[in-house]
Amino acid sequence: MRVGLLTEGGYPYAAGEGGQWCDQLVRGLGGHEFEIYALSRGARQERCGWYGLPEQVRRVRTAPLWGDPPEALEGTAGGAYGKRERRRFGEHFGELAAAIGSVGAPPSDPADDPGPTGSPSDQAYRFADALHGLADLAHDAGGLGPALRSEQALRTLESACRAPGAHPAVYGTRVADLLAASALLERALRPLSLDWYGARDGDRGLAAVDLCHATSAGPAALPGLLAKRFFGTPLLVTEYEVRLRAYYLNSAASAAGLSLPVRTLLAAFHRLLTAEVYRRADLITPGDAQVRRWQERCGADRERLRTVPPGVDERPYEDVGEGAEGTVVDDGRTLVWAGGRAEPYLWEALDIVREAEPGVRLRVVGTPLPGNQPPDGVCFEEFASPETYAAGSVVLAGAADGFPLPLVEAMFCGRATVSPDAGTVREVIGGTGLVVPPRAPRELADACLALLRDPERRARLGAAARARALELFTVERHVTAFGGIYLELISHAPARQDAPADPSVPFAHATGAHPPLSWSARQAPTWAGRR
Amino acid sequence: MSAPLCDGNAPTSAGIPSADTATPVTPAPGDPVKALLHRHRELCARAVDPLEIAAVLEARGIAERVAAECRHRDVFSLAEELYARVRRDPAPTVWGSGRHTAFREAPPARLPGPDGWWTAGRFAALWLIAYGLLGDPLLTVLLDGRPAGRMDLVRALSAAAPTAVALACAVALAAWCARWYALRMGHALAVSRTLGAFRTRAWPALVSATGLFLGALLALLWALHAALDRHPLPYPAAPLAATTALGGLLFLARLTAVRGCARAGALAVLAACAAEAVPLLGAWLPGGGPPAALASAAAAHGPAAIPLVACAVPALALLGHALTALSRASAHRRGAPATAPDGLTDPADPGTPPMPQAPGPPVRPPHPEPHTPSEEQGR
């Protein structure tokens with residue numbers, strides 16, 4: 017079976033997020049073939065090189081999602097659409113602009129007719145319609161790049177911003193904002209103009225793929241949406257970090273650079289695009305409950321959500337976790353902090369612990385914050401090795417946001433943990449460790465003391481944590497889960513009629529398509545008495 | 022939207038702790054959301070929709086527990102209340118507030134349009150300059166039909182010296198005028214509310230920039246000729262006008278080429294080239310024909326008439342084209358503010374995360390190697 021792995025700014029580029037699990041997945045599923053369709057996010061990323069690719073990766077196609085559109089992307093259009101194409105473009109882009117211009121606009125009068133902007137579902141419908149219209153146009157005309165940067169696009173965008181039902185924030189749009197917004201929209205819509213959907217030279221691209229696996233719901237999933245539309249390829253969306261959430265965080269951080277109308281338009285576009293991806297995807301696999309909440313909020317159907325926790329390579333922690341000979345043993349008086357930045361409340365907690373149990377040491381994974389003097393008996397280590405966790409009687413682990421990787425590593429090492437309650441800590445630890453309120457030194461110290469004074473409880477919790485981690489967070493389980501999901505999706509996909517059935521693709525023969533009895537030879541039995 | 026449900030007695034921003042400290046909200050008597058709102062006021066005021074507030078709140082460590090304290094089901098509904106309650110000022114336009122000094126003349130590095138036009142235009146421009154310097158004496162010599170002597174060359178070179186110096190200075194002048202035009206356009210982009218308003222600002226700017234350049238070039242030429250030439254004043258007007266027309270043509274061609282109309286500029290320059298080459302050819306080739314007739318007709322009005330007409334007519338045509346082409350906002354994409362520090366003139370995508378400085382993920386470096394089994398660049 018051939019899987020198209022759709023990425024944006026990650027795998028196979030070494031610089032970028034999310035490469036680790038893709039690498040594990042591709043290496044783990046040796047029975048399938050992979051084609052990687054990667055969108056890169058910057059010149060620096062392209063310079064930093066790739067992961068080493070195993071042989072099941074049959075080919076890699078890349079396209080830049082940054083800078084000006086490459087000359088080659090301008091396609092046959094070359095800036096000169098015919099009259100008919102211009103009309104089609106104006107129609108579809110106008111719909112798209114109207115949809116993104118009116119997202120989040122308060123209804124003018126609830127009693128009134130919703131008017132041309134309509135309800136959120138109406139906006140989503142118009143957006144999807146326009147997106148697919150643009151995709152068809154890009155397929156026919158060979159690209160959208162020049163049209164999206166043309167004066168016509170600016171005029172369309174301008175009239176959408178001044179339309180009666182537009183969002184108040186885009187009312188004040190200046191011409192410079194129109195230019196910036198159209199350039200950024202062109203960049204976001206660039207996957208539509210690529211030749212990944214079957215080129216004229218006989219390269220079938222995504223048409224030859226049995227399943228599309230998008231690694232985020234943003235622009236990376238656009239090729240998957242199009243493949244689903246053009247060829248009926250099933251689409252699987254996996255998110256360990258919600259792309260839309262990351263978009264908002266970066267947008268908020270870079271708020272000073274762009275004006276409010278541009279940010280409003282772009283945020284609306286990404287929101288509608290994400291919702292459309294969630295709506296069309298056959299299956300969505302969030303990594304944890306936080307991601308799941310976001311996906312549900314953005315319109316993902318609960319029935320098509322299936323949580324697949326990320327896999328962490330457990331082999332480095334094997335010796336420590338099993339308490340093998342020669343590994344560091346628990347000395348009963350060392351705490352290890354592996355929960356992100358070491359903030360002052362940690363020193364307060366340490367003081368409280370030391371009042372009760374003098375001689376307790378603290379090892380901190382990370383670098384000291386400037387202007388934050390640690391007390392005596394605290395040592396810093398830049399990276400956490402298995403030995404670091406092993407040295408700790410109690411590991412204070414967690415993550416302020418997202419998946420707490422240090423906590424899982426500590427669980428693999430079989431150490432009792434105390435975690436500040438943030439992100440998805442509770443979901444990861446289950447009942448196999450203590451959870452305290454965030455930034456609360458007194459509660460943190462009390463939990464540490466309780467564990468330090470009770471070696472038996474420590475051992476029990478550590479063993480339970482290790483068992484839980486082995487059950488939930490191993491690479492093997494992660495890869496197997498995806499292998500099963502691939503098979504499930506391909507079993508639901510209708511058999512292709514256009515191409516001869518590929519024996520390597522499971523379920524390629526529809527049951528009943530070749531009945532054991534031939535239907536064509538309609539010979540009456542001899543006993544029927546006919547001639 | 023501009024003034025939704027807002028407490029009239031909200032304290033001012035003085036003394037509000039930094040938004041980074043995400044201590045759990047101590048339930049204020051009555052309204053815990055208000056405390057949260059004051060702590061994250063800037064975020065809420067700048068957010069484009071409730072989801073942005075929810076994303077940042079989560080990143081700052083405010084999760085379900087705090088939402089529950091604020092009597093909300095989840096962070097999303099808390100963010101919606103925050104979004105609805107904050108007072109939003111009318112959209113502060115970042116680009117309109119004097120930031121247009123960041124606009125700059127587009128770099129000529131990667132020009133749009135086919136490369137062929139750009140190259141052809143360059144060669145044609147070189148030919149035009151060469152003709153502008155030495156063409157008139159050459160034509161005179163050819164029309165006279167006598168063999169050119171050494172003294173003719175010396176005289177021609179010395180006569181061309183002021184023009185050459187003026188054209189060299191005109192490069193700096195043109196750069197300054199183009200920059201002034203780019204600044205005017207950047208300002209027009211930032212302050213125009215509609216494309217129509219931009220158009221009404223754009224064409225006077227082009228006319229002013231061209232007029233400024235032509236006037237300055239003419240003054241420069243006159244001054245240099247007065248200083249360096251031994252001619253008695255008043256100097257004949259036709260050669261000055263011809264050189265000015267040449268400068269204007271090249272200025273406009275360059276101005277349009279960096280804004281995506283390389284073809285029109287190159288065509289105008291090539292037309293001027295041809296118009297100058299034909300009489301020269303007619304004077305050089307023995308025999309009659311239209312070129313010879315043209316050459317003799319031009320000689321009757323003085324040799325400078327040829328470059329004057331040959332440059333002025335395409336320059337005017339190009340100006341006419343540029344008045345429509347450069348009045349389109351889409352032609353000024355490359356003059357947009359440079360927010361991306363890495364030399365991209367386009368504004369950076371607001372949603373693009375910053376790239377890590379060091380190659381590779383920080384925790385476990387993979388094995389990056391230039392391994393390309395069958396790499397195919399997307400078109």
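Protein chains in written order, with my numbering: chain A, 17 to 547; chain B, 22 to 400. Where is the CB? At the ideal position from N, CA and C, for every residue including glycine.
- Within 9 Å of the CB of Thr345(B), no CB atom of chain A is found; the nearest one sits about 11 Å away.
- For the region 148 to 167 of chain A, the residues whose beta carbon sits under 8 Å from a beta carbon of chain B are, in order, Arg165, Ser166, Glu167.
- Sequence-distant partners of Leu245(B) (beyond 5 residues in either direction) whose C-beta falls short of 6 Å from its own C-beta, in its chain, are Pro183, Val186, Ala187.
- Sorting Tyr141(A), Ala262(A), Arg103(A), Leu210(A) by C-alpha distance to the C-alpha of Glu33(A) places Ala262(A) at the top.
- Against chain A, the beta carbon of Glu73(B) has neighbours under 8 Å at Tyr264, Ser267, Ala268, Ala283, listed in chain order.
- Closer than 8 Å to the CB of Val54(B) there is not a single CB belonging to chain A.
- At a cut-off of 8 Å between beta-carbon atoms, Arg205(B) makes no contact with chain A.
- Contacts between Ser213(B) and chain A, judged by CB atoms closer than 9 Å, involve Arg190, Val191, Ala192 in chain order.
- Cα atoms of Ala263(B) and Arg354(B): separation of roughly 33 Å, rounded to the nearest angstrom.
- Close to Arg354(B), with beta-carbon spacing below 7 Å, are these residues of chain A in chain order: Arg165, Leu195, Ala199.
- Taken atom to atom, the span from the alpha-carbon of Cys395(A) to that of Glu338(A) is near 26 Å.
- Remark: C-beta atoms of Ser56(A) and Pro85(A) do not approach each other more closely than 8 Å.
- Phe234(B) and Gly269(B) have their alpha carbons spaced roughly 7 Å apart.
- In chain B, no part has a C-beta under 8 Å from the C-beta of Ala316(A); the shortest such distance is about 14 Å.
- Taking the CA atoms as reference points, Ala318(B) sits about 34 Å from Leu194(B).
- Taking 8 Å as the cut-off, the Cβ atoms of Pro250(A) and Leu227(A) count as close.
- Looking only at His59(B), Trp197(B), Ser98(B), Ala314(B), the smallest Cα-Cα distance to Leu72(B) is reached by Ser98(B).
- Restricted to the region 433 to 464 of chain A, the alpha helix (DSSP H) segments that are unbroken, complete and at least 4 residues in length are 441 to 445, listed in chain order.
- At a cut-off of 8 Å between C-beta atoms, Val279(B) does not count as an interface residue with respect to chain A.
- In the structure shown, Gly117(A) falls within a helical segment according to DSSP collapsed to helix, strand and coil.
- Measuring C-alpha to C-alpha distances from Gly120(A) to each of Gly142(B), Arg62(B), Tyr104(B) identifies Tyr104(B) as the nearest.
- For Leu216(B), the chain A residues whose Cβ falls inside 9 Å of its Cβ are Glu167, Leu170, Arg171, Glu174, Val191, Leu194, in order along the chain.
- Taking one beta carbon from each stretch, the region 451 to 465 of chain A and the region 359 to 374 of chain A have 3 or more pairs nearer than 8 Å; the two touch.
- If the five residues before and after Ala192(A) are omitted, its C-beta is found closer than 7 Å to no C-beta atom of its own chain.
- Taking every protein chain shown into account, the CB of Ala406(A) has 16 or more other CB atoms within 10 angstroms, so this residue is buried.
- Residue range 227 to 230 is occupied by the beta strand (DSSP E) that includes His229(A), with no alpha helix (DSSP H) assigned at that position.
- Excluding five sequence positions before and after Leu362(A), the CB atoms of its chain that fall closer than 7 Å to its own CB belong to Trp353, given in chain order.
- Taking the C-beta atoms as reference points, Glu85(B) is found no nearer than 8 Å to Val54(B).
- Annotation for Ala413(A): the continuous beta strand (DSSP E) segment containing it runs 410 to 413.
- Taking the Cβ atoms as the reference, Ala211(B) lies roughly 42 Å from Pro260(B), outside the contact range of under 8 Å.
- In the three-state scheme derived from DSSP, where H, G and I count as helix and E and B as strand, Pro384(A) is classed as coil.
- Judged by DSSP secondary structure, Ser56(A) falls within the beta strand (DSSP E) whose first and last residues are 49 to 56.
- In terms of CA proximity to Phe399(A), Glu425(A) leads the group Pro386(A), Pro277(A), Glu425(A), Thr490(A).
- Around the C-beta of Pro239(A), 16 or more other C-beta atoms lie within 10 Å, and the residue is accordingly described as buried.
- With fewer than 16 neighbouring CB atoms inside 10 Å of its own CB, Gln389(A) falls in the exposed class.
- As for any alpha helix (DSSP H) of minimum length 4 sitting wholly inside the region 136 to 198 of chain A, the runs are 136 to 157, 161 to 164, 167 to 177, ordered along the chain.
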